[in-house]
Amino acid sequence: MPAQSINTFDQIIRHNAQMIPDRIASRFDGSVVTYGALNPRLNRFVNALSEVGLAKGDRIAFLSRNSHLYIEGILAAARGGFVLTTLNFLLKPDELSYILQHSDARIIFFQPEFAEVVEAIRSSCPALKYFVSLGDPVDFAWDYSTFLAAASNKESSVVVHGDDLLSLVYTSGTTGRPKGVMLNHRNVCTNVIDSVRGVAPSDDTVNLNVCPLYHVAAMVLQTLTTYCLGGTSVTLDRFDPVTVLKTIEREKITYLFLVPTMLFRMLEVPDADHYDLSSLQRVGYGAAPMPLDRLKRAIALFGPTLFQGYGLTETTANIAILGPEIHDLSAPVRELERLKSCGRAHSGHELSIMNDNGVEVPYGEIGEICVRSDSVMAGYWRDPENTAKAIRDGWLRTGDMAYMDEERYIFIAGRKNDMIKRGGEKIYPQEIEDILFDHPAVLEAAVCGIADPDWGETPRAYIVVRAGYQVSDKALLAHCADRLPTFKCPQDVVFLAELPKTSSGKITRTGLQQLNVSSSN
């Protein structure tokens, strides 16, 4: 359907049900759903919610690993005007309780493995009245099939508009309580249309979801973009590198998005290049730094398919793209330097690098990435103070520090809040991490600041050693000293079996800081 006519995402699903009813929309663990079959399932979902008293604008929460039912929840929210509140299943009970209370969610859909935590927190969430298990029956909840069984599959009379909320996605809360990012239909449709233009997947897209669906990358950039094209989403409930390779080969996957740590694990699979990956057309990566040596290995494995996407929850997913044409290892050295960037603005997104006063800084100078776009969030849920801090004069302040070259490619230095202040000097961890990744023995690296009696803060490196290699802390410190000014060099190195990560595979500096606290006690 014409891109400019899309105001709410449900228009896309209705269109596909009419025009391509026999095309497969979803595959998961043996379950196959066509667009034609999906449409009445969504009607039944919406009507079941209405029958228990929920109305347009009410929040519905999901606590689940990836599945086709999670996707149905996203699409049903779009159809009925409900607000999908996504929950990270790795959060602690008190964190989940806070989000459910703050959002005033009235119903929660959960997998049985999370039944114990749901039962433990439900008394602390007075607005939460209804409970639905997405699997085997649970004594205090309906099971999903029973919940839907008596509901009609007739079209709902609810009218949804572009400025109606579709999703409430809570941030990780690294700088305080989690904030609920309000994404409306206009935000989502804008980003989906821009992703189609910027990433340029094909009309016969077969997408593989392996990043968690509670993140905007999997929800918007992958699943909803795929459905905009009339493609198929194949979903895995969790990441396993060998399973991903086998699934690409078996399902003829054309579209995939991974965070760098996932790519690292896939590159370590013995004989990874023996799998048939020839169906891949677009392999995206993002959400964390990608060292150049790993990127070159990924290009060798996946072919000329890679693109980098830069964005954040508050922008509904990607706002900058480093396209496959830049991932050409035969390009001149100057152009290869762009592989260190996250790309440049695409389609309808306006990006600028600004100082604290909202003035664009000169090319080559570090400032904060700011974006103006219809995909920028409607604000933080019930938090006008933080909304006003984040969005100033129409520009979202992302908190990411970077510089821009004369062709407006953006090179990220690091998060504003991650900056280490050593004496009077500013140090961004990513610069040190890039150097550490250049060492052949380093599989993963992360840097954060620790307290120092003389300098205030100083960098500490955390390292996971690649299998089959050995390296000492002295060797890694010398490696840094050869390539960095003395004040930027780590004070020491800590070796770990694994770096602390979120469920999506992103390294969390909060986890590293907690290690520092534990070691000092």
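Sequential numbering from 13 applies to the sequence shown in our numbering.
No residue lacks a Cβ here, since even glycine has one placed at the ideal position from N, Cα and C.
Taken in chain order, the unbroken stretches of alpha helix (DSSP H) that lie wholly in the stretch 423-464 and span 4 residues or more are 441-449. Looking from the CA of A229, the closest CA among D70, V211, L61 and P190 belongs to V211. Of the other Cβ atoms in all chains shown, 16 or more fall within 10 Å of the Cβ of D206; this residue is therefore buried. Under the three-pair Cβ rule at 8 angstroms, the stretch 167-179 counts as touching the stretch 84-103. In this structure, E380 places its C-beta atom within 8 angstroms of the C-beta atom of K428. Each of D494, P105, S157 and I72 was checked against the Cα of I120, and the nearest Cα belongs to I72. The shortest C-alpha to C-alpha distance from I475 to any of Q482, A457 and G436 is the one to A457. Counting only runs of at least 4 residues, the stretch 103-133 fully encloses the following alpha helix (DSSP H) elements, listed from N- to C-terminal order: 105-115 and 127-133. Listed in chain order, the non-local C-beta contacts of V95 below 6 angstroms within the same chain comprise R71, L177 and L180, local neighbours out to five positions each way being set aside.
CA-CA distance, A153 to L61, rounds to 14 angstroms. Assigned with DSSP and collapsed to three states, A487 falls in helix. By the Cβ neighbour-count rule, T247 is buried, with 16 or more other Cβ atoms within 10 Å of its own. Scanning its chain for C-beta atoms nearer than 6 angstroms, with the 5 sequence neighbours on each side dropped, one finds around G406 the residues R384, in chain order. Excluding residues up to 5 positions away in sequence, T238, L241, G243, T266 and Y267 lie with their Cβ nearer than 6 angstroms to the Cβ of T217 in the same chain.
Runs of the beta strand (DSSP E) lying entirely within the stretch 268-298 and spanning at least 3 residues, in chain order: 294-298. A Cβ-Cβ contact shorter than 8 angstroms links S38 with S245. Per DSSP, the unbroken beta strand (DSSP E) holding F143 starts and ends at Y142 to S145. About 6 angstroms separates the beta carbon of V150 from that of P124, a gap short enough to meet the 8 angstroms contact definition. For Q320, DSSP records a beta bridge to Y297 and L334. Under the DSSP definition of a beta bridge, E377 lacks any partner. Per DSSP, S38 lies in no alpha helix (DSSP H); the unbroken beta strand (DSSP E) holding it starts and ends at I36 to F40.
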